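Residue numbers (UniProt numbering): 1 to 450.
Below is one structure, written out as structure tokens, with a few remarks after it.
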Amino acid sequence: MPHPEHPRRSQTSSSGDQTRRRTQRNKAFHSSHIPLQSHSSLDLDTTRVNGPLSFLNPTSANFNPNSKFGKHVEPHSTHIREDEESEAHEKSSEDTQPASSVAYKWTSRNNRKGRHTLLVNPAYAKSSAKYTTPAPTASLRGIAQGILRMVTTYPIWDISYDVAVLFTLGSVVWVINAFFVFLPLIKPSTEFKNEELTGGGITAFIGATIFEIGSILLLFESINESRTGCFGWAVSQALEDHTLQFHPSGQTCVHHHRNKRSLGGTASSSHDSIAESDKTWTWWPSTHDLLTHHLHSLGFLASFTQFLAASVFWISGFTALPGVLNHLSTGLEAGIYWTPQVLGGTGFVLSGLLFMIETQSKWYKPALGTLGWHIGFWNTIGGLGFTLCPAFGYDTHSWAQYQASCSTFWGSWAFLIGSAIQWYESLGKWPVEVDKNIGVGVETKDDSGS
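Pasting the structure below:
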């Protein structure tokens, strides 16, 4: 039913929906979930809208600046005040680069994590540059700055940061658990009384509980992704060379990650064009949104799978407690201790695979240059270890128990690696990537006649 205040937009949306039905689902956005609709100076590059699976929503898209871009910017002034986080990302002259072309890269993962990726085609000569941008964040200097942020920045109001830190802490607990149950097998002289039962049982319960809490927040994060998207960059004109300069801007960000008053909550920006759905925190989507959007979103499917897996796996954490595990019969132990680990571990593998696929251009083509892909990869390895542990654990022979404990050991380390990368990712809200294909053979579109 058309909205009475926006009849033209409703007609456009209806037309867009009909066009979308004629194309594969991964090649076009639903009319209510088109990113950056409020940014008239950015045009969606329909040739760069893509998703790895044809029956699911797009996971990536590029937006190119048009003739309106930069027309109303103010000359750059060193006294322009940015908020504290933007100041932490301010670049010195040594950390900037001239660029001949730029584009904004939207991805479904970045949208959930509150990240704003700028694609840059470097200029060979500064005199031919149209833009001045921060240096690529994948450089050694950029990586070092990212690692430094991990020990100096603590945005506890950011749900993506909380998820990453919780999974990291949970993985550390599981590594400790693995030492309790595996070390006595390879070096019996180190074993102390009830080490495996008490030390292993209590750490298993704590680790499973932390994973469950992190998975709940991960699900909330996916439900509250921004519908409208967010550009997140301020543009000013340099006085010396008249290029357009890009600066990280928290003031224009509409992601809920920047709301410092509470975890989640409303979007931080008061921009008039923010959709009402982006201004409020949602605990669970409406039936309409669930059926038309979330169930077709790789990020939601991966997060929901992770939540289900962690919930089932928690049963094993509870039954591992001393006073419970040591009072179970063999059959009951197999049913409520080992079996939930098999189901939960399998769910962790599936979730990791879905997170990997989400970052890929094709379902079979690895995205080795993307942080999210490596996070999914290491979580998949961790899930495999947590699945093999109970697979061996059903067998009471010594060799099988050795392999069960060993699987938990390397699986825990894999989870820790993936979680640490996720922690690093959660703090890098303004990544800059080099893409020499943007702007090649493409002229800036003039919207005056459209």
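Using N, Cα and C, we set each Cβ at its ideal position, and we do this for glycine too.
Just so we're clear, the structure is a prediction, and the values are computed from it rather than from any experiment.
### Query
Going by other Cβ atoms of all chains shown within 10 Å of its Cβ, with 16 needed for buried, is arginine 141 buried or exposed?
Here the question's residue 141 lines up with position 141 in the sequence shown. When all chains shown are included, arginine 141 counts as exposed.
### Task
Spell out the partners DSSP gives phenylalanine 63 in its beta bridges.
Working through the sequence shown from its first residue, we reach residue 63 at position 63. Answer by DSSP bridge pairing, in chain order: Leu44, Tyr104.
### Query
First and last residue of the alpha helix (DSSP H) that includes proline 340?
As a position in the sequence shown, residue 340 is number 340, starting the count at 1. Note, proline 340: alpha helix (DSSP H), 339-358.
### Message
Using only CA atoms, which one of Asn50, Ala28, Phe55 lies nearest to leucine 295?
### Response
Counting from one through the sequence shown, the residue named residue 295 turns up at place 295. Comparing Cα positions, the closest option is Phe55.
#### Entry: Given 8 Å, three or more beta-carbon pairs between the region 396-412 and the region 170-178
yes
### Task
Please state whether DSSP places tryptophan 430 in a helix, a strand or coil.
If you number the sequence shown from 1, residue 430 lands on position 430. In this structure, tryptophan 430 counts as coil in the three-state DSSP scheme.
### Query
Would histidine 327 be called buried (16 or more neighbouring beta carbons within 10 Å of its own) or exposed?
Taking the sequence shown and counting its residues from 1, one reaches residue 327 at position 327. The residue is exposed, with fewer than 16 neighbouring Cβ atoms inside 10 Å.
### Message
Would glycine 146 and glycine 428 be called neighbours here (beta carbons separated by less than 7 Å)?
### Response
Looking up residue 146 in the sequence shown gives position 146. Looking up residue 428 in the sequence shown gives position 428. Yes, the pair counts as a contact, with Cβ atoms nearer than the cut-off.
### Message
Taking DSSP's pairing of strands, which residues face leucine 119 in a bridge?
### Response
For the purposes of this step, residue 119 is taken as residue 119 along the sequence shown, with counting starting at 1. Partner residues in the beta bridge of leucine 119, as assigned by DSSP, are Ala103, Glu433.
#### Entry: Residue(s) in a DSSP beta bridge with histidine 247
Translated into positions along the sequence shown, residue 247 becomes position 247. Answer is Ala234.
### Message
Cutting at 8 Å between CB atoms, please list the residues of its own chain near glutamine 401, excluding the five before and the five after it.
### Response
By one-based count along the sequence shown, residue 401 stands at place 401. Non-local beta-carbon contacts of glutamine 401 in its own chain, meaning distances under 8 Å to residues more than five positions away in sequence, involve Leu185, Phe392, Gly393, Asp395 in chain order.
#### Entry: With 16 other Cβ atoms within 10 Å as the buried cut-off, status of lysine 362
Walking along the sequence shown from the start, residue 362 turns up at place 362. Classification for lysine 362: exposed.
### Query
Would you report the Cα separation of isoleucine 216 and isoleucine 159, rounded to the nearest angstrom?
The residue given as residue 216 occupies position 216 in the sequence shown. The residue given as residue 159 occupies position 159 in the sequence shown. Going by the C-alpha atoms only, they are around 11 Å apart.
### Message
Quick check: leucine 371 and glutamate 425, are their CB atoms within less than 7 Å of each other?
### Response
Numbered from its first residue, the sequence shown carries residue 371 at position 371. Numbered from its first residue, the sequence shown carries residue 425 at position 425. Result yes, Cβ atoms of leucine 371 and glutamate 425 sit closer than 7 Å.
### Query
Would you call the region 312-323 and the region 189-204 in contact, with 3 or more CB pairs under 8 Å?
yes
### Query
Beta-carbon separation of alanine 123 and alanine 99 under 7 Å?
Walking along the sequence shown from the start, residue 123 turns up at place 123. Walking along the sequence shown from the start, residue 99 turns up at place 99. By the CB criterion at 7 Å, alanine 123 and alanine 99 fall inside the cutoff.
### Message
Which same chain residues end up closer than 7 Å to proline 285 when comparing Cβ atoms and leaving out the 5 residues on each side of it in sequence?
### Response
For this step, residue 285 is matched to residue 285 along the sequence shown. Closer than 7 Å at the Cβ level, and outside the excluded window around proline 285, lie Ile223, His294.
### Task
Answer yes or no: do alanine 309 and glutamate 212 have a C-beta to C-beta separation smaller than 7 Å?
Against the sequence shown, residue 309 aligns to sequence position 309. Against the sequence shown, residue 212 aligns to sequence position 212. Result no, Cβ atoms of alanine 309 and glutamate 212 do not sit closer than 7 Å.
### Message
threonine 133 and valine 120 - do their beta-carbons sit closer together than 7 Å?
### Response
Sequence index remark: in the sequence shown, residue 120 carries index 120 (1-based). Sequence index remark: in the sequence shown, residue 133 carries index 133 (1-based). Going by C-beta atoms, valine 120 is nearer than 7 Å to threonine 133.
### Task
Classify proline 322 as helix, strand or coil using the three-state DSSP reduction.
For the purposes of this step, residue 322 is taken as residue 322 along the sequence shown, with counting starting at 1. Here proline 322 sits in coil by DSSP.
### Task
Please name the residue, chosen from Phe307, Ser236, Phe182, that lies closest to serine 398 on a Cα-to-Cα basis.
Sequence index remark: in the sequence shown, residue 398 carries index 398 (1-based). Shortest Cα-Cα distance from serine 398 to any of Phe307, Ser236, Phe182 involves Phe182.
### Message
Measuring straight from C-alpha to C-alpha, what distance separates phenylalanine 355 and glutamate 221?
### Response
Taking the first residue of the sequence shown as 1, we reach residue 355 at position 355. Taking the first residue of the sequence shown as 1, we reach residue 221 at position 221. In a straight line, the C-alpha of phenylalanine 355 is about 14 Å away from that of glutamate 221.
### Message
I'd like to confirm the pairing. Which residues does DSSP put opposite tyrosine 131 in its beta bridges?
### Response
Position 131 of the sequence shown holds residue 131. Tyrosine 131 is bridged to Ala99, Leu244.
### Task
Could you say which of Ser41, Tyr131, Asn50 lies nearest to lysine 27 if we only look at CA atoms?
Residue mapping note: residue 27 aligns to position 27 of the sequence shown, counting from 1. Answer by Cα proximity: Asn50.
### Selection from Glu433, Thr287, Ser316, Ser226 that minimises the alpha carbon distance to threonine 387
As a position in the sequence shown, residue 387 is number 387, starting the count at 1. Cα-wise, what sits closest to threonine 387 is Ser316.
### Message
Under DSSP, the alpha helix (DSSP H) around glutamine 145 begins and ends at which residues?
### Response
The sequence position of residue 145 within the sequence shown is 145, counting from 1. Start and end: 140-152.
### Query
Who are asparagine 50's beta bridge partners in DSSP?
Translated into the one-based positions of the sequence shown, residue 50 becomes position 50. Checking the DSSP bridge columns, you'll see asparagine 50 partnered with Ser60.
### Query
CB-CB under 7 Å to phenylalanine 304, same chain, minus the five flanking residues each way: which ones, in chain order?
Taking the sequence shown and counting its residues from 1, the one referred to as residue 304 is at position 304. So the qualifying residues of the chain are Leu219.
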